[in-house]
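78 is the number of the first residue of the sequence shown in this note's numbering; add one for each residue after it.
Yeah, the Cβ is synthetic: ideal placement off N, Cα and C, and Gly gets one too.
In this text, all values refer to a predicted model and were calculated from it rather than measured experimentally.
First the structure, in the form of structure tokens, and then the observations on it.
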Amino acid sequence: ELLNVPQDAELPEIKKAFINRIKKDHPDKKGGKELTDSEKELTIKLLAAWETLGDDDSRKEYDKMLEMIKKSENSISTHKYTNKVDISKFEHIDDSIRIA
């Protein structure tokens with residue numbers, strides 16, 4: 078997302094996107110001006126993205142994690158929740174210990 082490449086992007090496409098994006102906010106492109114705090118934070122995120130996506134093993138782990146998250150989100154969104162509770166199965170509980 079940060080590099081604006083699809084999840085199935087190959088390494089050359091990721092590398093090109095990283096280089097283009099990191100150059101955009103490079104101090105040399107700004108006449109030597111120091112980066113703002115938000116630009117520094119973005120640079121750190123871009124470097125982390127490159128370290129993850131630019132290494133085959135890290136990329137595989139990242140893809141596994143994303144797949145797990147997607148499966149988790151799908152199972153949550155397809156599960157039907159309800160606010161109604163069937164209390165009939167609790168009728169055997171003594172009324173004196175029920176919470177009002």
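Given L79 as reference, the closest of R136, K107 and L124 once Cα atoms are compared: L124
CA-to-CA distance, D105 to I121, given in whole angstroms: 17 Å
Backbone CA spacing between I96 and D132 [nearest angstrom]: 15 Å
Spatial distance of G109 from K148 (CA atoms): One C-alpha to the other measures close to 46 Å.
Through-space distance from E128 to D85, alpha-carbon basis: Whole-angstrom Cα-Cα distance: 16 Å.
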